[in-house]
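2 protein chains.
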Amino acid sequence: MSEQPTVTASHPSGSIIRGSVQPTDPAAVREIVGSTGFFHDFEVDVAVELVQERLSRGLASEYHFLFADLNAHPIGYACFGPIPCTQGSFDLYWIAVHAAHQGSGLGRRLMAEAERTMLAGVPGADGRPLPPARRVYIETSSQPRYAPTWRFYERCGYTIEARLKDYYAAGDDKLIYAKALS
Amino acid sequence: MSEQPTVTASHPSGSIIRGSVQPTDPAAVREIVGSTGFFHDFEVDVAVELVQERLSRGLASEYHFLFADLNAHPIGYACFGPIPCTQGSFDLYWIAVHAAHQGSGLGRRLMAEAERTMLAGVPGADGRPLPPARRVYIETSSQPRYAPTWRFYERCGYTIEARLKDYYAAGDDKLIYAKALS
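Each protein sequence line maps, in turn, to chains F and B. Residue numbers for the first sequence follow my numbering, beginning at 1 and rising by one. Residue numbers for the second sequence follow my numbering, beginning at 1001 and rising by one.
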């Protein structure tokens, strides 16, 4: 039995969205996230670790992925999962498009597919489908260089629900974006 | 080499605070957390898993514990750790005193020792001491039955920095308490 149905959808750019995770994906995530120039090395490492944990632990990891493949090569991805001890709240941990493919609408497409997947009920750690997602949270930094990121989330319908002062470092707050799904 | 210096301090109740984790502690945590009547079974399971992860992974787990032992039997504990990708922010994951020993000031004592430990610089995943904690976060529910918990955090100097509506479930918000250490 396949552990998760593969989500496949074509995109005007020619890319294909898939929900399965492949052994070559950790390296692809390192390339995609690194290409954006937005993240510290230790943050790139965290992004890669989530894919590795999904590969090693399967659904028990509770990390779910969507990859956008162009000519069988990943050029963007989203990573999300249910928040433990909540009923229907999800974290969107990562969403990134390779620098060479930004501005094509692929980020919006990945976000829409991720939300559709969460609403449809992803498999839980035991393989049984979870109830539909009610709310999605995204955390990001208040540093001005993230302004394009904020605008992307806002275009996708997310609003700032909380700000934690000096969370990442002195002068670097955490912004918590949220969106109710329905 | 011991992986973490044991913190030992006596308390008027006769209990001793220790920072080492023992193989019998998962069962002790189940007893302590279960005795409070505050938590769902799946939440008790999460509390126990954190101790198990510390025992199996050691410092790499990034979970730190303080136990209050009375006659060598744990009657309360705190669990905390550095928040990945932050400089000096910590989560206090759990703090609980066995129902039979509440009202003795042991919760306050555990909180003060936990803050002192975070300020002193706990060992990181590589064993080297982390910089002192700047900020501590505690998450809890908005459900009225948690009112004694809110009052405890407030007496310890924590204030509500954010509220995430319907986070745990419809009508059950997440409150994020924070305190700046110095």
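Quick reminder that beta carbons are idealized off the backbone N, C-alpha and C, glycines included.
Q. Okay, do the stretch 171-179 of chain F and the stretch 1016-1035 of chain B touch, 3+ Cβ pairs below 8 Å being the bar?
A. These segments do not touch.
Q. Does the beta carbon of F:P84 come closer than 8 Å to any beta carbon on chain B?
A. Stepping through the first sequence from its first residue, residue 84 of chain F is reached at position 84. Cβ-Cβ to chain B under 8 Å: yes for F:P84.
Q.
Determine, for F:L164, whether the minimum Cβ-Cβ distance to residues of chain B falls below 8 Å.
A. Here residue 164 of chain F is taken as the residue at index 164 of the first sequence, counted from 1. F:L164 counts as touching chain B.
Q: Alpha carbon to alpha carbon, how far is B:Q1052 from B:A1027? Give it in angstroms, no decimals.
A: For the purposes of this step, residue 1027 of chain B is taken as residue 27 along the second sequence, with counting starting at 1. For the purposes of this step, residue 1052 of chain B is taken as residue 52 along the second sequence, with counting starting at 1. A direct Cα-to-Cα measurement between B:A1027 and B:Q1052 gives close to 10 Å.
Q. Listed from N- to C-terminal order along the chain, which residues in the stretch 1143-1171 of chain B have their beta-carbon within a distance smaller than 8 Å of any beta-carbon of chain F?
A. Within the stretch 1143-1171 of chain B, the qualifying residues are E1161, A1162, R1163, L1164, K1165, D1166, Y1167, Y1168, A1169, A1170.
Q | Pairwise C-alpha distance: B:A1112 and B:L1181 | A | Counting from one through the second sequence, the residue named residue 1181 of chain B turns up at place 181. Counting from one through the second sequence, the residue named residue 1112 of chain B turns up at place 112. Cα to Cα, the separation comes out at about 11 Å.
Q) Smallest Cα separation from B:A1096: which of B:R1109, B:A1078, B:I1083? A) Here residue 1096 of chain B refers to the residue found at position 96 when the second sequence is read from its first residue. Selected option, being the one with the closest Cα: B:A1078.
Q: Ignore the nearest five residues each way along the sequence and tell me which others in F:L92's own chain have a CB closer than 6 Å to its CB.
A: Counting from one through the first sequence, the residue named residue 92 of chain F turns up at place 92. So the qualifying residues of the chain are F80, V136, I138.
Q. If the cut is a Cβ gap below 9 Å, which residues of chain F does B:Q1087 touch?
A. By 1-based counting over the second sequence, the position of residue 1087 of chain B is 87. Neighbours of B:Q1087 across chain F, judged by C-beta separation under 9 Å: Y168, A169, A170, D172.
Q) At which residues does the alpha helix (DSSP H) containing F:L55 begin and terminate? A) Here residue 55 of chain F corresponds to residue number 55 of the first sequence, with the count starting at 1. Going by DSSP, F:L55 is part of the alpha helix (DSSP H) stretching over 41-57.
Q | Cβ shell of B:I1032 (< 8 Å), same chain only, five flanking positions each side left out | A | On the second sequence, position 32 is the one that residue 1032 of chain B refers to. Hits under 8 Å: P1074, I1075, G1076, Y1077, A1096, V1097, H1098.
(Q) For F:H73, list the residues DSSP reports as bridge partners. (A) Counting from one through the first sequence, the residue named residue 73 of chain F turns up at place 73. Paired residues: F:L70.
Q.
From the DSSP secondary-structure annotation, give me the bridge partner or partners of B:D1091.
A. In the second sequence, the residue the question calls residue 1091 of chain B occupies position 91. Residue pairing of B:D1091 in beta bridges, as defined by DSSP: B:G1081, B:Y1137.
Q | Chain-ordered neighbours of F:V215 on chain B, where CB pairs are closer than 7 Å | A | For residue 215 of chain F there is no data in the structure shown, the boundaries of chain F being 1 and 182.
Q | Outcome for F:H40 when other beta-carbon atoms lying within 10 angstroms are tallied against a minimum of 16 | A | Counting from 1 along the first sequence, the entry for residue 40 of chain F is found at position 40. Around the beta carbon of F:H40, fewer than 16 other beta carbons sit within 10 angstroms, so the residue counts as exposed.
(Q) What does the alpha-carbon distance come out to for the pair B:L1050 and B:Y1063? (A) In the second sequence, the residue the question calls residue 1050 of chain B occupies position 50. In the second sequence, the residue the question calls residue 1063 of chain B occupies position 63. When rounded, the separation of the alpha-carbon atoms in B:L1050 and B:Y1063 is 7 Å.
Q: Could you tell me whether the Cβ of B:I1176 comes closer than 8 Å to any Cβ of chain F?
A: Taking the first residue of the second sequence as 1, we reach residue 1176 of chain B at position 176. It does: the Cβ of B:I1176 has a partner Cβ on chain F nearer than 8 Å.
Q | Cα-Cα separation between F:L164 and B:D1025, rounded to whole angstroms | A | Along the first sequence, read from residue 1 onward, the residue named residue 164 of chain F stands at position 164. Along the second sequence, read from residue 1 onward, the residue named residue 1025 of chain B stands at position 25. Cα-Cα distance, rounded: 33 Å.
Q. With 8 Å set as the bound, which would you pick, yes or no: does the beta-carbon of B:F1042 sit closer than that to a beta-carbon of chain F?
A. The residue given as residue 1042 of chain B occupies position 42 in the second sequence. So yes, B:F1042 belongs to the interface.
Q: Can you say whether B:F1090 is buried or exposed, counting buried as having 16 or more other CB atoms within 10 angstroms of its CB?
A: Counting from 1 along the second sequence, the entry for residue 1090 of chain B is found at position 90. Taking every protein chain shown into account, the CB of B:F1090 has 16 or more other CB atoms within 10 angstroms, so this residue is buried.
Q: Give the residues from the stretch 50-66 of chain F that approach chain B closer than 8 Å (Cβ to any Cβ), ordered along the chain.
A: Flagged: no residues at all.
Q. From which residue to which residue does the beta strand (DSSP E) around F:T159 run?
A. Working through the first sequence from its first residue, we reach residue 159 of chain F at position 159. Annotation for F:T159: the continuous beta strand (DSSP E) segment containing it runs 159-169.
Q.
Beta-carbon within less than 8 Å of F:Q87's beta-carbon, same chain only, minus the 5 sequence neighbours each way: which residues are those?
A. Here residue 87 of chain F refers to the residue found at position 87 when the first sequence is read from its first residue. Same-chain partners within the cutoff: P131, R134.
Q.
Quick check: the Cα distance between F:R30 and F:R54, rounded to an integer number of angstroms?
A. Here residue 30 of chain F is taken as the residue at index 30 of the first sequence, counted from 1. Here residue 54 of chain F is taken as the residue at index 54 of the first sequence, counted from 1. When only Cα atoms are considered, F:R30 and F:R54 end up about 15 Å apart.
Q) Terminal residues of the continuous alpha helix (DSSP H) containing B:A1099? A) Position 99 of the second sequence holds residue 1099 of chain B. Element bounds for B:A1099: n/a, residue is neither H nor E.
Q: Determine the chain B residues that contact F:R128 at a beta-carbon separation under 8 Å, and present them in chain order.
A: Along the first sequence, one-based indexing puts residue 128 of chain F at 128. Neighbours of F:R128 on chain B: none; closest Cβ ~15 Å, over 8 Å.
Q) Candidates B:L1066, B:M1118, B:Q1143, B:I1083: which alpha carbon is nearest B:G1107's? A) In the second sequence, the residue the question calls residue 1107 of chain B occupies position 107. In terms of CA proximity to B:G1107, B:L1066 leads the group B:L1066, B:M1118, B:Q1143, B:I1083.
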